[in-house]
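Asks:
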Amino acid sequence: MGIILLVVILIIVALGSGMIWWGRSLLHNKDIPLKSHLIQEVEPQKVMVFFAHPDDEIAVGGTLLDLRKQGHDLVMVYLTKGEAGPTGGLVAQEELGQARALEMKKVSQILGAKALEMFDFPDSSLKNLPLDTFKTLAVEMIQKYRPDYVISYDSQLGLYGHPDHRMVSKAMEEVFLENKNTKGFSVKKLFQVTLSPKQIETALKIAPGFQRNYPKEGPGLPVPDFSVKTTSYFSTLVSMMEAHATQQEVFRDLLPYREQVPIFIYSRIFDREYFWEVR
């Protein structure tokens, strides 16, 4: 009986290892460097995220959790309350902004963030406002919190073609490039969230949101400079996603088949987050 059980365990381990290897080969390019941490400083640093919507941080949730573990401070800034998104059938549409603000507060507590700022710009309509509006806010937040590093989405596509993401990220990018290395400007580096070429290729095959919104022509997302290892934080990342209760439909695009694959395997396939440094 003991031998049979051992054989069964070995078969399960072999199948799991094979699935992990196969999944990684589908999603990750070997030529992109893999780092243990986003930043290497031993002394505590302040990192600001500058996003359009509550839940945008999920794409870099593992990295943010690692930053907190390393002793760095997090400041979370969101320009909208995400009131135009899906409700998950949990609240009326007119109540969604308030609900998502409460969800974001729960997530900021999980992250141990030092500060959370949420503004009331119109969700899904940022493209109708002047870019300078968001640049002014970016400067105000930098002056208020004095971050050493900033994380945003990319300014080319907004990860998958979302115009809100592009506007917010473009504003921060321009502020950074106009002011970096000047006296009194605290931000040392700006990192933009991106995806590996293999992730993009896979998402265009299986993720409806990418299929609808990702541009069919043009340069696409910035090629990552590096990725950050996030395996050990995956269970907490799941808790963050669950706290955004109204947005489970969105996460099925971001992390497809998560609910069908054992977490031990899934966390070792979706085991890194990709970044491009603005220069």
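When we follow the working numbering, the leftmost residue of the sequence shown carries the number 275, and every step to the right adds one. The beta carbon of each residue, even a glycine, is placed where N, CA and C say it ideally should be.
Is it the case that the Cβ atoms of D394 and G356 are separated by a distance below 8 Å?
Replies: What you label residue 394 is simply residue 120 of the sequence shown in a count that begins at 1. What you label residue 356 is simply residue 82 of the sequence shown in a count that begins at 1. No, the pair does not count as a contact, with Cβ atoms beyond the cut-off.
Asks: Please report how far the alpha carbon of E475 lies from the alpha carbon of Q466, in whole angstroms.
Replies: Translated into positions along the sequence shown, residue 475 becomes position 201. Translated into positions along the sequence shown, residue 466 becomes position 192. Straight-line Cα distance between these residues: approximately 19 Å.
Asks: Residue range of the alpha helix (DSSP H) that K472 falls in?
Replies: Residue 472 sits at position 198 when you count from the first residue of the sequence shown. First-last of the alpha helix (DSSP H) with K472: P471 to I480.
Asks: Quick check: F325 and V442, are their CB atoms within less than 8 Å of each other?
Replies: Taking the first residue of the sequence shown as 1, we reach residue 325 at position 51. Taking the first residue of the sequence shown as 1, we reach residue 442 at position 168. Yes, the Cβ-Cβ distance between F325 and V442 is below 8 Å.
Asks: Short of 8 Å in beta carbon distance, which residues of its chain neighbour L469, apart from the five on each side in sequence? Order them along the chain.
Replies: Translated into positions along the sequence shown, residue 469 becomes position 195. If we look at L469 and ignore the five residues flanking it on each side, its Cβ neighbours are L433, A477, L495, P498 and Y548.
Asks: My understanding is that R342 touches G386, with C-beta atoms under 8 Å, so please give their C-beta distance in whole angstroms.
Replies: For the purposes of this step, residue 342 is identified with residue 68 of the sequence shown, where counting begins at 1. For the purposes of this step, residue 386 is identified with residue 112 of the sequence shown, where counting begins at 1. Indeed, because the Cβ distance is near 5 Å, the residues count as touching under 8 Å.
Asks: Put Q534 into one of helix, strand or coil per three-state DSSP.
Replies: If you number the sequence shown from 1, residue 534 lands on position 260. Looking at Q534 - three-state DSSP - the assignment turns out to be coil, as it is neither helix nor strand.
Asks: Can you check which of these residues, H302, G483, Q344 and V552, is closest to S310 by C-alpha distance?
Replies: As a first step, residue 310 is located in the sequence shown; it is residue number 36 there, counting from the start. With distances taken between Cα atoms, S310 lies closest to Q344.
Asks: So is I294 in contact with chain B if we call contact Cβ pairs under 8 Å?
Replies: Of the protein chains in this structure there is only one, and it is not chain B.
Asks: If you pair each beta-carbon of the stretch 346-364 with each one of the stretch 407-425, do three or more pairs fall below 8 Å?
Replies: Cβ pair count under 8 Å is three or more, so yes.
Asks: Within the chosen definition, does the stretch 295-311 reach the stretch 534-549 through at least 3 CB pairs nearer than 8 Å?
Replies: Result yes; three or more Cβ-Cβ pairs closer than 8 Å.
Asks: Looking only at C-alpha atoms, which of P437, H436, T361 and T410 sits nearest to M446?
Replies: Working through the sequence shown from its first residue, we reach residue 446 at position 172. Closest by alpha carbon: T410.
Asks: Looking only at C-alpha atoms, which of A519, G362 and S506 sits nearest to I539?
Replies: Translated into positions along the sequence shown, residue 539 becomes position 265. Checking every option, the nearest Cα to that of I539 belongs to S506.
Asks: What does DSSP give as the partner residue(s) for Q242 in the beta ladder?
Replies: The requested residue 242 does not occur in the structure, where the chain is confined to residues 275 to 553.
Asks: Less than 6 Å between C-beta atoms, sequence neighbours within five positions excluded: which residues of the same chain meet that for Q473?
Replies: As a working mapping, residue 473 is identified with position 199 in the sequence shown. So the qualifying residues of the chain are L301.
Asks: For the beta strand (DSSP E) containing A519, list its first residue and its last residue.
Replies: Taking the sequence shown and counting its residues from 1, one reaches residue 519 at position 245. First-last for A519: undefined, no H or E at that position.
Asks: Whose C-beta lies closer than 7 Å to the C-beta of V316 among residues of the same chain, with five residues either side of it excluded?
Replies: Stepping through the sequence shown from its first residue, residue 316 is reached at position 42. Contacts found: none.
Asks: Considering only the alpha carbon of each residue, which of M514, E523, V323 and E533 lies closest to M378?
Replies: Taking the first residue of the sequence shown as position 1, residue 378 is located at position 104. Of M514, E523, V323 and E533, the residue nearest in Cα terms is M514.
Asks: Check whether the Cβ atoms of P421 and V381 sit closer than 8 Å, and answer yes or no.
Replies: By one-based count along the sequence shown, residue 421 stands at place 147. By one-based count along the sequence shown, residue 381 stands at place 107. Their beta carbons are not under 8 Å apart, which means P421 does not touch V381 by this criterion.
Asks: Hey, how far is the Cα of H327 from the Cα of A358?
Replies: Stepping through the sequence shown from its first residue, residue 327 is reached at position 53. Stepping through the sequence shown from its first residue, residue 358 is reached at position 84. About 10 Å.
Asks: Secondary structure at A387, three-state DSSP: helix, strand or coil?
Replies: Residue 387 sits at position 113 when you count from the first residue of the sequence shown. A387: coil per DSSP, three-state reduction.
Asks: Output needed for V281: all residues of its chain with C-beta closer than 6 Å, excluding positions within five of it in sequence on either side, in chain order.
Replies: Locating residue 281 in the sequence shown gives position 7, counting from the first residue. The pLDDT assigned to V281 is 41, lower than 50, so where the model puts this residue is not dependable, and the model offers no usable value.
Asks: Going by DSSP, name the residue or residues bridged to L308.
Replies: Translated into positions along the sequence shown, residue 308 becomes position 34. L308 is bridged to S501.
Asks: Return the residue from the list L376, V323 and R374 that minimises the CA-CA distance to D428.
Replies: Walking along the sequence shown from the start, residue 428 turns up at place 154. Ranking the options by Cα distance to D428, first place goes to V323.
Asks: By alpha-carbon positions, which one of K444, P471 and F459 ends up nearest to K304?
Replies: Walking along the sequence shown from the start, residue 304 turns up at place 30. When only C-alpha atoms are compared, the closest one is P471.
Asks: If you check the beta carbons only, do V524 and P396 fall under 8 Å apart?
Replies: Counting from 1 along the sequence shown, the entry for residue 524 is found at position 250. Counting from 1 along the sequence shown, the entry for residue 396 is found at position 122. Cβ atoms of V524 and P396: not closer than 8 Å.
Asks: Please list the terminal residues of the continuous alpha helix (DSSP H) segment that includes L451.
Replies: By 1-based counting over the sequence shown, the position of residue 451 is 177. That run of the alpha helix (DSSP H) goes P437 to N453.
Asks: Cβ of Y423 within 8 Å of Cβ of A389?
Replies: As a working mapping, residue 423 is identified with position 149 in the sequence shown. As a working mapping, residue 389 is identified with position 115 in the sequence shown. No, Cβ-Cβ distance for Y423 and A389 is not below 8 Å.
Asks: Any idea what DSSP makes of K355, helix, strand or coil?
Replies: By one-based count along the sequence shown, residue 355 stands at place 81. Three-state DSSP puts K355 in coil, outside helix and strand.
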